Amino acid sequence: MNLLIFGPPGAGKGTQAALISKRYKLTHLSSGDILRAELKTGELGAKIKTYQDAGKLVPDALIITIMEKAIIKNIKKGGVIFDGYPRTIKQAKTLDKFFKAKKINLDAVINLNLSETEAVKRALSRGQTSGRSDDNIKTIKTRFTVYNTQTTPLLKYYKKQKKVINIDGQLAIATVFKTIRQRLDK
Ligand code: AMP
0 MNLLIFGPPG AGKGTQAALI SKRYKLTHLS SGDILRAELK TGELGAKIKT YQDAGKLVPD
60 ALIITIMEKA IIKNIKKGGV IFDGYPRTIK QAKTLDKFFK AKKINLDAVI NLNLSETEAV
120 KRALSRGQTS GRSDDNIKTI KTRFTVYNTQ TTPLLKYYKK QKKVINIDGQ LAIATVFKTI
180 RQRLDK
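Using numbering that gives the first Met the number 0, read the sequence shown as starting at 0 and increasing by one per residue.
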């Protein structure tokens, strides 16, 4: 099974993706985590940090190359859950082509719904412990605008493919996970 988890910053994508990956034995591919790991690697790292700190998306060409490498490395082990990728129509279309070429099937897109007020609250509270330089109010606001303008069009894109599973992400972690499991086990 190959999945994608989708939702605004602070929706709990990372938390739910980790639970799903454990339950269904999928590799958790978080683009944010992969990029943060790249930060330690000199030249590319400095470029990535500028975008992350501003709350802006790193350019498509860069993230597509990085993610394709990660997919190739991990897909042999079985299914994957993508967290934070794709985030633009260009990324989604490229991923579709990549999947087609490799005969990989995307089974479902889990969409965590959450109000902006709650998402901002959660992202700010995470900022107190995450040590992430982009979990501050100014950057979170930008990340939201970026999400609303560049990433939400993907929902329509995947709805057309009849892949979207809508989940109420406002509830407690265990409740959200239970709902996801019920939908996936169907
Ligand atoms: P995240 O950990 O998913 O919240 O991502 C943190 C930051 O990493 C984002 O604000 C972007 O700067 C960058 N990033 C993560 N995933 C992507 C992506 N698919 N496309 C472009 N930039 C990304």
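Glycine included, every Cβ here is placed at the ideal spot set by N, Cα and C.
A quick note: this is a predicted structure, and the numbers were derived from the prediction, not measured.
When C-beta atoms of the segment 28 to 39 are compared with those of the segment 71 to 87, three or more pairs fall below 8 Å, so the two segments count as touching.
Shortest gap from the CB of lysine 46 to any heavy atom of ligand 1: 7 Å or more.
By the neighbour-count criterion, in which 16 or more other beta carbons inside 10 Å mark a residue as buried, proline 7 falls on the buried side. By the Cβ test, the segment 105 to 113 is in contact with the segment 166 to 174, since at least three Cβ pairs between them sit closer than 8 Å. Valine 79 is bridged by DSSP to Thr26. Boundaries of the beta strand (DSSP E) harbouring valine 163: 163 to 167, taken from the DSSP string. For alanine 100, the enclosing alpha helix (DSSP H) stretches over residues 88 to 101.
Around the Cβ of alanine 60, a 10 Å sphere holds fewer than 16 other Cβ atoms; the residue is exposed.
A residue is called buried when at least 16 other Cβ atoms come within 10 angstroms of its Cβ; glycine 77 does not meet this threshold and is exposed. Phenylalanine 97 is not a Cβ neighbour of glutamate 115, given a cutoff of 8 Å.
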